[in-house]
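Numbering of the sequence shown is given in UniProt numbering, commencing with residue 1 and proceeding in unit increments.
For glycine and all other residues, C-beta sits at the position ideal for the given N, C-alpha and C.
One structure below.
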Amino acid sequence: MSLHLRTIVELMENNLEETLSLDQLAAYSGRSRRQIDRLFQAQLGTSPRRYYMELRITKSRRLLQYSDLSVMEVAVACGFVSVSHFSKCYAAYFGYPPSREQRLGE
Numbered sequence: 001m002s003l004h005l006r007t008i009v010e011l012m013e014n015n016l017e018e019t020l021s022l023d024q025l026a027a028y029s030g031r032s033r034r035q036i037d038r039l040f041q042a043q044l045g046t047s048p049r050r051y052y053m054e055l056r057i058t059k060s061r062r063l064l065q066y067s068d069l070s071v072m073e074v075a076v077a078c079g080f081v082s083v084s085h086f087s088k089c090y091a092a093y094f095g096y097p098p099s100r101e102q103r104l105g106e
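Take a look at the structure:
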């Protein structure tokens, strides 16, 4: 992973609760939106938006498995605007709702 891309990924990782827009990522990294898109496609095979979502979803899974946080608390901690949006994204990614993840971890 190039240094430029690593910088952007670190920005994403450090801002999961309050997610940054592509414009903000571009401003902080000194790159254009198009340059960021190209970096992600070339080096990670995905879009910045999709990669950010994967970071948030995988963090939420870890929190559900290894913490006592409620689904609502996990949703907020991972930058989702509502529990229903979080549940929809989670189920689309993993194939089951986040409430099931909590039961599996017990």
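Could you check which residue in the options has the C-alpha nearest to that of residue i?
i: LEU22; options: TYR51, ARG61, ALA42 and SER99; result: TYR51
i: LEU55; options: ALA75, TYR28 and SER82; result: ALA75
i: MET1; options: ARG33, LEU25, PHE40 and SER32; result: PHE40
i: GLU13; options: LEU69, PRO48 and VAL83; result: PRO48
i: LEU63; options: GLU101, THR7 and LEU20; result: GLU101
i: ARG31; options: THR46, GLU73 and THR7; result: THR7
Quick one: is residue i buried, meaning 16 or more other Cβ sit within 10 Å of its Cβ, or exposed?
i: GLU18; result: exposed
i: GLY79; result: buried
i: TYR90; result: buried
i: SER60; result: buried
i: ALA27; result: exposed
i: LEU25; result: buried
i: VAL81; result: exposed
Assuming residue i is part of the alpha helix (DSSP H), what are its boundary residues?
i: ASP37; result: 33-44
i: PHE86; result: 83-94
i: THR58; result: 48-66
i: SER21; result: It is not in any alpha helix (DSSP H) - SER21 carries neither H nor E in the DSSP assignment.
Taking DSSP as the reference, what is the three-state secondary structure of residue i?
i: SER2; result: coil
i: GLU73; result: helix
i: PRO98; result: helix
i: LEU25; result: helix
i: LEU11; result: helix
Please work out which residues of its chain come closer than 7 Å, Cβ to Cβ, to residue i, disregarding the five sequence neighbours upstream and downstream, and give them in chain order.
i: SER99; result: VAL71
Using a Cβ-Cβ cutoff of less than 8 Å, which residues in the same chain neighbour residue i once the five nearest sequence positions on both sides are dropped?
i: GLN43; result: MET1, SER2 and LEU5
Please return the same chain residues whose Cβ sits closer than 6 Å to the Cβ of residue i, not counting the five positions on each side in sequence.
i: TYR93; result: ILE57
i: PRO97; result: SER87 and ALA91
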